[in-house]
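Numbering (this note's numbering), first residue to last: 545 to 764.
Here it is as structure tokens:
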């Protein structure tokens, strides 16, 4: 069994509930096709409005207009600002308990998140919090990581292999000494190709069980 030293986490959809659930509720309320927002984000994934915003190549205002233009091109009117309002999920207490349990076992913890600058001063926003109280809770969770790599700060985003290598370099570990958790398969493939152990997060219960199996011991 591999002797893993570090566990690297995605944030949205892993530590927090998935924004995709909020997307689907919005689509139902607006009479949009199911997964319309996700389909836009998957079209031209390296150059679309979402990708450019996560690399801080455009502002929130520019994203609002660019996303709306892409949506109109696909037949529906969806302002980008509406999508931003859906991003912040609820923190999964059971995942936070796992972080604490791993830390007690001397695993090193880090985070890689594709995020955007959404605050009034255009500052980075690792957990995509939309209120001061939620931002406080996110900050409390983020404090458990040695470091957080943010796409909006680094100018690179998952699934670019460079962002996983950056995490390994900052940890001072080889890829095969690290496990990476994400809710998107497309983000796991480059990590797996580098030699990292990977866990696809479908829900908290499944993810915790899969991580425990990979590490070879029980988790909280």
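Backbone N, C-alpha and C fix where the C-beta goes; we use that ideal spot for every residue, glycine too. What you are looking at is a predicted structure, and each value in this text was computed from that prediction instead of being measured.
Problem set entry | Nearest candidate by alpha-carbon position, reference residue 599, set 714, 653, 762 and 658 | The count along the chain shown starts at 1 and reaches residue 599 at position 55. When only C-alpha atoms are compared, the closest one is 658.
For this session: List in chain order: all unbroken alpha helix (DSSP H) runs of 4+ residues lying wholly within the region 621-698.
Result: With a minimum length of 4 residues, the continuous alpha helix (DSSP H) runs that stay inside the region 621-698 are 624-628, 637-648, 676-686 and 695-698.
For this session: Output the boundary residues of the beta strand (DSSP E) element that contains residue 550.
Result: The residue given as residue 550 occupies position 6 in the chain shown. Looking at the DSSP string, the run of the beta strand (DSSP E) that includes residue 550 is 550-553.
For this session: Find the nearest neighbour of residue 751 within the set 643, 586 and 590, judged by alpha-carbon distance.
Result: Along the chain shown, read from residue 1 onward, the residue named residue 751 stands at position 207. Its Cα nearest to that of residue 751, the residue 643 stands out among 643, 586 and 590.
Exercise. Short check: CB of residue 706 to CB of residue 693, under 8 Å?
Worked result: Position 162 of the chain shown, counting from 1, holds the residue named residue 706. Position 149 of the chain shown, counting from 1, holds the residue named residue 693. Result no, Cβ atoms of residue 706 and residue 693 do not sit closer than 8 Å.
Problem set entry | Pick from 713, 615, 625 and 547 that is closest to residue 606, judged by C-alpha positions | Here the question's residue 606 lines up with position 62 in the chain shown. If we check each option's Cα against that of residue 606, 625 comes out closest.
For this session: Just confirm the distance between the C-beta atoms of residue 610 and residue 629, as a whole number of angstroms; I'd bet it's less than 8 Å.
Result: Along the chain shown, read from residue 1 onward, the residue named residue 610 stands at position 66. Along the chain shown, read from residue 1 onward, the residue named residue 629 stands at position 85. Their Cβ separation, rounded to whole angstroms, is 17 Å, which puts residue 610 and residue 629 out of contact at 8 Å.
Problem set entry | Inter-residue Cα distance where the pair is residue 760 and residue 697 | Position 216 of the chain shown, counted from the start, is the residue given in the question as residue 760. Position 153 of the chain shown, counted from the start, is the residue given in the question as residue 697. Residue 760 and residue 697 have their alpha carbons spaced roughly 35 Å apart.
Problem set entry | residue 708 beta carbon less than 8 Å from that of residue 735 | Sequence index remark: in the chain shown, residue 735 carries index 191 (1-based). Sequence index remark: in the chain shown, residue 708 carries index 164 (1-based). The Cβ atoms of residue 735 and residue 708 lie closer than 8 Å to each other.
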